Structures are given as C-alpha cells and as structure tokens.
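Take the sequence shown: its letter number 171 is residue 1028 in our numbering, and every next letter is one higher.
Ideal Cβ positions, reconstructed from N, Cα and C, are used throughout, including at glycine.
Model, not experiment: these values are computed from the prediction.
Structure first, commentary second.
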Amino acid sequence: MTQASMKDKAIEKLIKAETKRQVEGLEMIPSENHTSADVLAALGSRLTDKYSEGYPGQRYYGGCEFVDQVENIARDRAKELFGVSHANVQAYSGSPANQAIYFALVDPGDTVMGLSLFYGGHMTHGLKVNFSGTTYNSVQYTTDKDGFLDYDAIAELALQEKPKLIIAGTTAYPRIIDWQKLRKIADSVGAFLAADISHIAGLVVAGVHPSPIGIVDVTMTTTHKTLRGPRGALILANGNPSNPLKKPERTVENIPSLIDRAIIPGLQGGPHNHQTAAIAVALGEALTPEFKEYGKQIAKNASKLADELTKRGFNLVTGGTDNHLMVVDLNNKDLSGKQGEKALGLAGITVNKNTVPFDPRSPYDPSGIRLGTPALTTRGMKEKEMEQVAEWIDQAIKNASDEKKLGNLHKEITDFALKFPLPS
Ligand code: DSN
C-alpha cells in the first residue's frame, strides 16, 4: 500500500524505511503478522479523535452514536468467531487485558499460578518483576526437561500452593495445550482458570488448535498475532449479561460484568476507537472461509519448516511443532541466541532470541531463537517456500561471522521476498 505523503518528513522517512524492511525481508517473529489495507485504513481514521469512556449505550461523552455502532460490531464479531456470549474489545493490548483478568478475579496478595516466562510463558503470567508477580503471590510452573508442559507437576504445585487463579497460556511453546487437564487442576483447588490464547487465536479459529471456550472461565487473546489484526485484545466469557455499573460477586457467571468493570473504571479510560474499528475489520476477515485456510496453512508451513531445519541439524525444543512457532536451541551450532538473531537479521530474516527450557545462559543472551510462520503465510508462502527458507536460515547460521556472505544472502532473500507482496 502506498503511504499518503506526510508533512513530518522525519517520521515519514522512518515509516517508509520500516515498510521497506518488511517488504524486502522475511518477518519470522511468531507474534508478528501483516495486516490488511482495510485494517490500516481503520487505524488511520478520524475515530482516533473521539473520546467514549463507558460502553455502547452507557457512555460518559456525547457524540458516540457512530463509535457505539463500531464497538457493537466488533463485540458481535468476536462473539460469533469464538462462540461466546460476551466480549470486551477495549483492552489496549494483551498485558492490560491480562491485568483486567487479575483485577476482576483476585485481590492483591492472593496466590496466582502461571507458566514461567523462561519456559514459554508471558511476563503477565506472574514474572517476579511484572505487576502480576509483585501485586500477587505468584507461583510459577515450568516445562519438563524436553520442553513439554508437565501436567502432573502442575497439578502437584497447584495442590501445594492453592492458587485462586491459574492463567494458562504461552508465548514460546510449540505444542498443543490440553485445556481439559488444566480445568481438572483448577477444579481440584477451586481456582478460576483463564486462557491466554494470544499466540494461537488464529489457529483456534481455523480448528488447528483446540479452543478453550467452554472449558476455561475466561479467555484472552491479543488481536495482532495469528489473528492478523491491529494491536489490541479481546476478553471473552460466557455468563450473566454484563452490568458494568453494579459491583457483582466474584462468580464464574458474573465474569462478563467483572471484566467490564475491571477495564473501566478499574484500569482504563477512553477506548481507542480507531483500534476498535480495526479490530472489527480484522474479525470480519477472520470470519471468512479464507481465514480458516490461512490458519491451517500457518501450521502446515511451520511443520514443514521444522522438518527441514531438523534435517539440517537444528535442535528444536520438543523436537518439532504442532502450531505456528518453533524454538531452536543453537548450542550445537556454537552460537548464542543473540548471535543467531543478529546473523539472521543481517541476512534479512527477522527472528528473536529466546531462552530454552533450563537455559544455562542469561535471558539477555539466551541459548535459542524463536521463529514462526504467520507473516510468511500471509504473504502466500507455502511448504515449497519453507524448504528454501530453511536453507537460508542454515546458510546464515553457518556464516554468522561473515558479514559479506550475510549481505549477499540478504540480496537473494530480497529478490525472493519481493515476489510475495504484503497485503494490499
Ligand atoms: N511480545 C509478545 C510475543 O512476542 O510473544 C508477547 O506479548
């Protein structure tokens, strides 16, 4: 999409440079994607000018007749897409959405349980330096030595610590999450169970990953990862219709009201209406049969890429992937994750350094890299292209200390990338 000309040349230049970087390279950070032109148009609209604290029909500002309709469309599409009776679409992004879940369901000092960031969880799942680890008594579970969730160990820890809330979700876990097993664990100690499906929401929509809806008490997802929308988040639940004006008791049935009250007045002010409109557009796109095909192709591409990397001697955490991402341990390649990220970046392949389970190295320079296929799949790449991508990753890692060779690879990759335009 061509950018409208801007008066602010300093920022315009940087927007163009970033667009060129995306177009000419391969974006393989698994939490990133390329949005449609309609999503971008909604984000760049006059809706950003409007204040509308409250919810449709219950606002604290005048002039909300159109943004009310926008938010209702976004909520209705979220409900239809995930099969729930209530959706809150106002959280500014994933971390604020998780904050709202804690705010709604537990009190400061209560025990909460989540997967450690260093084993594939998220900061907001109880990291000691995050609000979730400082406000609450956070207990963290890990994976087993091979990187798989160890449900017996999680069950034992839950019995020992008696959390009031278990937040289940991942940012660097390549396997299927067993929601039923987590439900049993939560029930064994009477805890609320929240699912953070930010990474896998698009796969859930496509039927590639089981949905937690109907099993967990509340589900959160960001809208900008495999769901391919703008930055933002959805909080989804079933239960009594929301009454955000009345403080309800903390029961599963009251979760819609508890969440709406946690967002406003609990944590946020005015919703970002341009973002809500863009979320509505993305959810409309996600409701199409083409999106389901897209979600399936993401997983097929990841599986092929994992096989091709394994053939080339790469050591994948858990030995492969069932979803959109993989974590590669670079120890056997005599490179750190930081060195791997840099070498691949110089070749035009963007990934991020990542810890591996029981990583002996620091998170600032861990042993692994994390990569995935959502953005490449959006550009129309399929299994055939994944073979080529694996070969380039191998070449870049083998030549990590040769900047000239990496520069040449970048040129080759750019010629290839230009054949797969971003959405227009
Ligand atoms: N930062 C996101 C990711 O990259 O997975 C999680 O919020």
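- Scanning Glu1110, Arg1088, Glu884 for the CA closest to the CA of Thr1133 turns up Arg1088.
- Applying a distance threshold of 6 Å between residue Cβ atoms and the heavy atoms of ligand 1 selects Ser888, Gly951, His979, Thr1028, given in chain order.
- With a threshold of 16 other beta carbon atoms within 10 Å, Ile1250 meets it and is buried.
- Looking only at Lys1190, Val1174, Ile1120, Asp1191, the smallest Cα-Cα distance to Met1183 is reached by Val1174.
- In terms of Cβ geometry, Ala1012 and Ser1045 form a close pair [threshold 8 Å].
- Here Lys1103 is exposed: its Cβ has fewer than 16 other Cβ atoms, across all protein chains shown, within 10 Å.
- With a minimum length of 4 residues, the unbroken runs of alpha helix (DSSP H) contained wholly in the stretch 1038-1082 fall at 1058-1063.
- Spanning the alpha carbons of His1066 and Arg1169 requires a straight line of approximately 27 Å.
- In the pairwise beta carbon analysis, the stretch 912-919 is classified as not touching the stretch 1057-1065: fewer than three pairs are separated by under 8 Å.
- For Gly920, the closest alpha carbon among the candidates Asn1130, Leu1266, Leu1050 is that of Asn1130.
- Here the alpha carbon of Thr968 sits roughly 29 Å from the alpha carbon of Lys1082.
- Selection Phe923, Gln947, Ser1224 evaluated against Arg903 yields Phe923 as nearest (Cα-Cα).
- Inter-residue distance for Val1246 and Leu1201 is about 11 Å (C-alpha atoms, whole angstroms).
- Between the alpha carbons of Gly1264 and Thr1108 lies a gap of roughly 58 Å.
- Straight-line spacing of the CA atoms in Leu871 and Lys877 works out to 10 Å.
- The alpha-carbon of Ile1042 is positioned some 12 Å away from that of Ile1072.
- Excluding five sequence positions before and after Gly940, the CB atoms of its chain that fall closer than 8 Å to its own CB belong to Ser1068, Ile1070, Gly1071, given in chain order.
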